[in-house]
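Visitor:
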Amino acid sequence: MTGESAKRSYVIGQTEIPARPLEPALYLVATPIGNLADITLRALETLAAADIVACEDTRVSRVLLDRYGIRRRTTAYHEHNAGEAGPKLIAALLAGQSVALISDAGTPLISDPGYRLVGEALDQGIRVVTIPGPSAPLAALTASGLPSDAFLFAGFLPVKTGQRLTRLEALKTVPATLIFFESPRRLAETLGAMVEALGGARKAAIGRELTKTFEEIRTGTLQSLADHYAAADTPKGEIVICVGQSDATAGEPADIDRLLLSLAAEMPASKAAAEAAKMTGGQKQALYRRLLELKDTGKDGDTGKDSDG
């Protein structure tokens, strides 16, 4: 360990740069989501100086460390060994060592079990330091063209159809852009579920292979994207889905009222609410209740012909 302890440096180009000593702490280090050049100088120095580098997959992380000439001891910390590896890392921290936590790509704790380690470290009075950098959800959001003033990262949806629809229904009225991770092989099925639960008119974007050679950002309505991926071959690479909020939550209430009354003049109330839900991505039950309120207040000029009976 003497040689390894002495060799705390990183390499940029042909230049070897010594890393300054780190104070004992848990360091959360963001790493590239594809392009290895997206690493920050602070991240490189932290990884080079840490006593222990905890990785989601040591083989994946070794590619990054080797690229920058970082020769540090690595240990695996992931969903399947967190119960065993976590206490060992906490013990090392309590003994005065520095630990750098990285995931396979992007910012640690985003859709991985690192939050448990952070929670335990804070409970033990251990200092936690964040080294910010790349993040797939933020990269996709900024390139999507969708509103970024309010957004919700919802991670991976459940695999089972019923649970997935239930989760989407719970997110339907959230007044923010929704961001999801998804497997390429489930993308078409998930988009179909989103059309069913959220409405096909919502604006959306699919980010694929972000920062990599074959990066793709495809935008459109949920319906158009669902149609495209249903007909296309299974895409390759990492997928991020961004979904804009519905017009029913993002639009002016007066506009929704006018739409409801216009449709109710041509069809029964329940059908008008269902049609409005399809057009706006709003919730059928909420739109139906709103239409009944409008009718009760006499705003529709009701002649008694618009009835579900």
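Its first residue numbered 41, the sequence shown is counted upward by one per residue in the working numbering. Quick reminder that beta carbons are idealized off the backbone N, C-alpha and C, glycines included. Just so it is clear, the structure is predicted and the values come from calculations on it, not from any experiment.
Hey, out of I73, R99, R156 and G232, whose CA is closest to L178's CA?
Guide: Translated into the one-based positions of the sequence shown, residue 178 becomes position 138. That would be I73, whose Cα lies nearest to the Cα of L178.
Visitor: With DSSP as the reference, label P58 as helix, strand or coil.
Guide: Taking the sequence shown and counting its residues from 1, the one referred to as residue 58 is at position 18. Strand.
Visitor: Let me know the secondary structure DSSP gives T71 once reduced to three states.
Guide: Start at 1 with the first residue of the sequence shown, and residue 71 comes out as number 31. Strand, per DSSP.
Visitor: Any chance you could list the alpha helix (DSSP H) runs of at least 4 consecutive residues sitting entirely within the region 220 to 271, in chain order?
Guide: For the region 220 to 271, whole alpha helix (DSSP H) runs of length 4 or above, ordered along the chain, are 227 to 238 and 262 to 271.
Visitor: Please report the distance separating the alpha-carbon of A233 from that of E160.
Guide: Locating residue 233 in the sequence shown gives position 193, counting from the first residue. Locating residue 160 in the sequence shown gives position 120, counting from the first residue. Their Cα atoms are separated by approximately 37 Å.
Visitor: Go through its chain and collect everything with a Cβ distance to A270's Cβ below 6 Å, but skip five positions before and after it.
Guide: Position 230 of the sequence shown, counted from the start, is the residue given in the question as residue 270. Cβ neighbours of A270 beyond the five flanking positions: A228.
Visitor: Let me check understanding here. Comparing Cα to Cα, which of P61, A305 and L84 lies closest to D106?
Guide: For the purposes of this step, residue 106 is taken as residue 66 along the sequence shown, with counting starting at 1. Among P61, A305 and L84, the Cα nearest to that of D106 belongs to L84.
Visitor: For G154 and E236, what's the separation of their Cα atoms in angstroms?
Guide: The count along the sequence shown starts at 1 and reaches residue 154 at position 114. The count along the sequence shown starts at 1 and reaches residue 236 at position 196. About 34 Å.
Visitor: Flag this pair as yes or no: are the beta carbons of A18 and T261 separated by less than 9 Å?
Guide: Because the chain is modelled from 41 through 349, residue 18 falls outside the range shown and cannot be assessed.
Visitor: Identify the continuous alpha helix (DSSP H) that holds S286 and give its terminal residues.
Guide: Position 246 of the sequence shown holds residue 286. It is not in any alpha helix (DSSP H) - S286 carries neither H nor E in the DSSP assignment.
Visitor: Please report the straight-line C-alpha distance between K335 and A314, rounded to a whole angstrom.
Guide: Sequence index remark: in the sequence shown, residue 335 carries index 295 (1-based). Sequence index remark: in the sequence shown, residue 314 carries index 274 (1-based). Going from the Cα of K335 to the Cα of A314 covers about 16 Å.
Visitor: For L218, which beta-bridge partners are listed by DSSP?
Guide: Taking the first residue of the sequence shown as 1, we reach residue 218 at position 178. Note: L218 sits in a beta bridge opposite L192 and V283.
Visitor: Determine, using beta-carbon pairs with one atom in the region 169 to 189 and one in the region 122 to 135, whether at least three such pairs fall under 8 Å.
Guide: Judged by Cβ distances under 8 Å, the region 169 to 189 makes no contact with the region 122 to 135, as fewer than three pairs qualify.
Visitor: Pop quiz: L300 and A317 are said to be a contact at Cβ under 8 Å. What is the actual Cβ separation, rounded to whole angstroms?
Guide: Counting from 1 along the sequence shown, the entry for residue 300 is found at position 260. Counting from 1 along the sequence shown, the entry for residue 317 is found at position 277. Not a contact, Cβ separation roughly 10 Å.
Visitor: Rounded to whole angstroms, what's the CA-CA distance from V366 to E63? Just pull it up for me.
Guide: Outside the modelled stretch of the chain, which goes from 41 to 349, sits residue 366, for which no answer is possible.
Visitor: Taking contact to mean 3 or more Cβ pairs, one atom from each stretch, closer than 8 Å, check whether the region 193 to 209 and the region 250 to 269 are in contact.
Guide: Touching, no.
Visitor: Can you grab the Cα-Cα spacing for the pair I57 / E209, in whole Å?
Guide: As a first step, residue 57 must be located in the sequence shown, where it is residue number 17. As a first step, residue 209 must be located in the sequence shown, where it is residue number 169. Going from the Cα of I57 to the Cα of E209 covers about 52 Å.
Visitor: Which residue from A304, T71, R226 and I246 puts its Cα closest to that of V100?
Guide: Residue 100 sits at position 60 when you count from the first residue of the sequence shown. Of the listed residues, the one whose Cα sits closest to V100 is T71.
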